[in-house]
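Student: In the working numbering, the protein residues as written are 42 to 670.
1) Out of 103, 205, 137 and 291, state which residue places its alpha-carbon closest to the alpha-carbon of residue 188.
2) Assess, as a yes-or-no matter, whether the region 577-587 is touched by the region 560-569 under the definition of 3 or more beta carbon pairs within less than 8 Å.
3) Could you give the distance in angstroms between the alpha-carbon of residue 131 and the alpha-carbon of residue 482?
4) If we ignore side chains and look at the alpha-carbon of each, how far apart do residue 79 and residue 466 end up?
5) Taking Cβ positions, are residue 355 and residue 378 nearer each other than 8 Å?
6) Taking the continuous beta strand (DSSP E) assigned at residue 522, which residues delimit it?
7) Is the beta carbon of residue 470 less than 8 Å from the beta carbon of residue 480?
8) Would you identify the three-state DSSP class for residue 583, choosing helix, strand or coil?
9) Quick check on the DSSP output: the beta strand (DSSP E) that includes residue 16 runs from which residue to which?
10) Is it true that the region 234-253 meets the region 303-320, where meeting means three or more beta-carbon pairs spaced less than 8 Å apart?
11) For residue 74, which three-state DSSP category applies?
12) If I'm right that residue 454 touches residue 386 with Cβ under 8 Å, what's the distance once you round it to whole angstroms?
13) In or out: residue 198 buried (at least 16 other Cβ within 10 Å) or exposed?
14) Would you mind reading off the limits of the beta strand (DSSP E) that contains residue 473?
15) Note the first and the last residue of the continuous alpha helix (DSSP H) segment covering residue 395.
16) If you run the structure through DSSP and keep just helix, strand and coil, what is residue 572?
17) Identify whether residue 637 lies in helix, strand or coil by the three-state DSSP scheme.
18) In whole angstroms, give me the CA-to-CA distance for residue 94 and residue 441.
19) Look at the alpha carbon of residue 216 and the alpha carbon of residue 617, and state the distance between them as a whole number of angstroms.
20) For residue 246, list the residues DSSP reports as bridge partners.
21) Between 324, 309 and 459, which lies nearest to residue 338 when the distance is taken from Cα to Cα?
22) Whole-angstrom Cβ separation of residue 361 and residue 388, contact assumed at under 8 Å?
23) Put residue 348 into one of helix, strand or coil per three-state DSSP.
24) Could you tell me which residues DSSP puts in a beta bridge with residue 557?
25) Closest by CA to residue 293, which one among 320, 190, 332 and 207?
26) Under the rule that 16 or more other beta-carbon atoms within 10 Å means buried, what is residue 161, buried or exposed?
27) Measuring alpha carbon to alpha carbon, tell me which of 512, 265 and 416 ends up nearest residue 397.
28) Taking the straight line between their C-alpha atoms, what separation do you get for residue 92 and residue 432?
29) In or out: residue 640 buried (at least 16 other Cβ within 10 Å) or exposed?
30) For residue 202, count neighbouring C-beta atoms within 10 Å of its own C-beta (all shown protein chains included) and say buried if the count is 16 or more, exposed if not.
31) Between the Cα of residue 317 and those of 270, 366 and 280, spot the shortest distance and give me the residue it belongs to.
32) Write down every uninterrupted run of the alpha helix (DSSP H) in the region 323-381 whose length is 4 residues or greater and which is fully enclosed by it, in chain order.
33) Give every residue of the same chain whose Cβ lies closer than 7 Å to the Cβ of residue 534, excluding the five residues on either side of it in the sequence, and list them in chain order.
34) Quick one, which of 445, 400, 263 and 218 has its alpha-carbon nearest residue 148's?
35) Would you list the one or two residues that DSSP bridges to residue 601?
36) Closest to residue 610 by C-alpha separation, out of 667, 414 and 394, would be which residue?
See below:
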């Protein structure tokens with residue numbers, strides 16, 4: 042796809058990172074503002090967070106406890122129930138992702154019953170954990186082969202995702218510790234991580250984990266505990282790739298497995314995105330985590346090159362990635378089919394995780410631009426508006442047979458949404474000493490700091506439907522510093538006011554409007570981004586979209602559904618530059634959503650946000666439509 046992008050010199054970005062790294066003990070040059078300090082309160086995201094509590098969490102609990110044996114497997118392993126293991130070898134990971142989602146939800150929505158449930162689950166996990174720290178219920182309980190191949194016992198097959206499960210356990214345990222201060226789950230997770238380090242590492246056994254995730258978790262564990270061995274082990278896991286250390290029945294059964302798991306070349310030599318898209322997103326995010334915490338430039342060229350490859354040649358207009366069903370993988374450059382698109386929801390979540398880290402590392406708005414595109418389109422399409430049904434794959438065209446489901450045999454996408462949505466607040470701001478940067482325009486009230494001065498900042502906005510944003514700044518006392526406001530890549534024009542006065546000198550730094558002054562209580566910034574409807578062209582090498590355009594307004598990509606356009610064949614519809622669009626209020630299930638209407642081929646045509654499709658009557662859907670110059 043073609044997007045307007047800001048390019049700053051890699052060397053300049055690295056100088057920024059290196060100079061900051063010298064001042065930080067560890068971590069990114071910029072830091073997120075923690076979720077506990079961010080209260081989202083707008084008309085777009087607040088209802089989604091409410092639905093997460095009322096619908097997504099109950100649906101997730103039903104999935105792992107009632108509809109499947111995921112919780113029962115832990116209870117059997119703990120000796121509180123009898124029975125045999127049931128499910129796939131990596132099913133433990135879904136329980137942990139649900140627990141992470143509950144933990145983040147508890148920060149702003151305390152619920153004694155949910156906390157009691159979490160404590161019970163943690164108790165049975167502690168009982169199920171083996172004396173040496175091992176905790177994967179399949180291998181604790183089962184001596185039989187599983188549906189995917191022969192069971193040769195623990196640590197016998199890199200494709201069985203034992204560390205992947207443990208990584209999600211670590212992330213859930215850290216979230217629960219941050220939400221409640223309770224250490225029991227963290228102790229269990231840390232004991233499992235110590236078990237890995239006892240067995241694997243320099244001078245011990247080799248291991249190239251089949252699904253990246255423990256790298257992310259280990260760096261978080263390092264951050265929480267201060268124990269450098271976890272950072273070192275995350276680095277070691279990345280360095281194991283590309284040296285022929287893969288083994289086990291699942292790997293041997295697939296001649297392309299080392300490509301699928303991104304272990305065909307050393308990670309420092311990666312220059313293009315290949316293999317399984319979710320694994321890739323997690324690995325690139327893990328590479329960024331390890332790079333900044335080790336103050337080591339080794340992975341920088343790989344991250345820069347692969348980001349360019351993904352964003353310029355392999356990303357859908359929705360911010361989704363992973364075009365191919367075969368291997369759930371990236372295709373060749375500019376291979377972006379629409380109806381056959383895979384675009385796994387987990388990969389879209391991964392795009393947010395990775396681009397957030399790139400932004401924290403470099404302080405450049407282009408990464409937040411991609412984060413926003415993925416968030417408002419590919420990620421949100423992954424669940425319905427009620428928050429209790431989910432897409433595993435997200436095509437950009439449908440014949441009406443693609444539907445969201447409440448449950449999947451491999452349930453990674455529903456549980457990933459369960460843990461991701463309550464974290465959205467932490468992507469709004471980032472800060473560094475005397476700089477506070479606004480990456481997303483979401484109504485909120487946030488307690489943070491500018492330099493050493495406590496500060497409350499709030500946003501009032503109808504974004505993404507309107508481009509007006511009012512930002513109120515309330516420092517505890519007058520303080521010098523910079524507030525930097527991302528100018529989205531889609532914003533062709535905008536106006537900015539400070540305390541009612543127009544800002545004439547629009548100082549842009551790496552895509553951010555920078556206001557450097559002494560801030561006082563009651564200071565108000567007003568932004569107004571123009572939001573014309575655009576007919577966006579794909580890159581000319583994308584065969585699937587030649588002669589077509591996609592409809593976009595602000596950060597939102599639109600599509601046309603058969604339910605709104607009965608009798609209209611989207612393949613015969615043609616738009617042109619002459620088309621005028623009207624913004625209209627959605628009704629029924631789409632209440633609170635802004636649709637677009639226009640006249641084309643003599644018909645009144647309605648477009649709805651891509652994230653909102655397949656929430657009503659099923660039918661055909663198209664993002665890309667014919668275009669007459």
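Note that CB positions come from ideal geometry on N, CA and C, so glycine has one too. Just so you know, these numbers come straight off a predicted model, no measurement behind them.
Tutor: According to the structure data:
1) Its Cα nearest to that of residue 188, the residue 291 stands out among 103, 205, 137 and 291.
2) With a cut-off of 8 Å, the region 577-587 and the region 560-569 do not count as touching, because too few Cβ pairs lie within range.
3) Distance between the alpha carbons of residue 131 and residue 482 is about 37 Å.
4) Going from the Cα of residue 79 to the Cα of residue 466 covers about 6 Å.
5) With contacts defined as CB atoms closer than 8 Å, residue 355 and residue 378 fail to qualify as a contacting pair.
6) Counting along the chain, the beta strand (DSSP E) containing residue 522 begins and ends at 520-527.
7) Less than 8 Å divides the Cβ of residue 470 from the Cβ of residue 480.
8) Secondary structure of residue 583 (DSSP, three-state): coil.
9) Outside the shown range of the chain (42 to 670) lies residue 16, about which nothing can therefore be said.
10) Judged by Cβ distances under 8 Å, the region 234-253 makes contact with the region 303-320, as three or more pairs qualify.
11) DSSP places residue 74 in the coil class of the three-state scheme, outside both helix and strand.
12) Correct: roughly 4 Å between the Cβ atoms.
13) A buried status is given to residue 198, since no fewer than 16 other beta-carbon atoms sit within 10 Å of its beta-carbon.
14) Residues 470-473.
15) For residue 395, the enclosing alpha helix (DSSP H) starts and ends at 386-403.
16) Looking at residue 572 - three-state DSSP - the assignment turns out to be coil, as it is neither helix nor strand.
17) Note: residue 637 maps to strand in three-state DSSP.
18) So the alpha carbons of these two residues sit roughly 30 Å apart.
19) If you draw a straight line from the Cα of residue 216 to the Cα of residue 617, it comes to about 50 Å.
20) For residue 246, which the question treats as bridged, DSSP gives the partners 241.
21) The shortest CA-to-CA distance from residue 338 to any of 324, 309 and 459 is the one to 309.
22) Yes, they are in contact, since the Cβ atoms of residue 361 and residue 388 sit about 7 Å apart, within 8 Å.
23) Of the three classes helix, strand and coil, the one that applies to residue 348 here is helix, per DSSP.
24) Bridge partners of residue 557: 523.
25) Checked all of 320, 190, 332 and 207; the closest Cα to residue 293 is 190.
26) Flag for residue 161 reads exposed.
27) Checked all of 512, 265 and 416; the closest Cα to residue 397 is 416.
28) About 17 Å.
29) With fewer than 16 other Cβ atoms from the protein chains shown falling within 10 Å of its own Cβ, residue 640 counts as exposed.
30) Its Cβ being crowded by 16 or more others within 10 Å, residue 202 is buried.
31) Nearest of 270, 366 and 280 to residue 317, Cα basis: 366.
32) For secondary structure counted as the alpha helix (DSSP H) over 4 or more consecutive residues, the region 323-381 holds these complete runs in sequence order: 341-354.
33) Contacts found: 571.
34) Measuring from the Cα of residue 148, the nearest candidate turns out to be 218.
35) For residue 601, which the question treats as bridged, DSSP gives the partners 663.
36) Ranking the options by Cα distance to residue 610, first place goes to 667.
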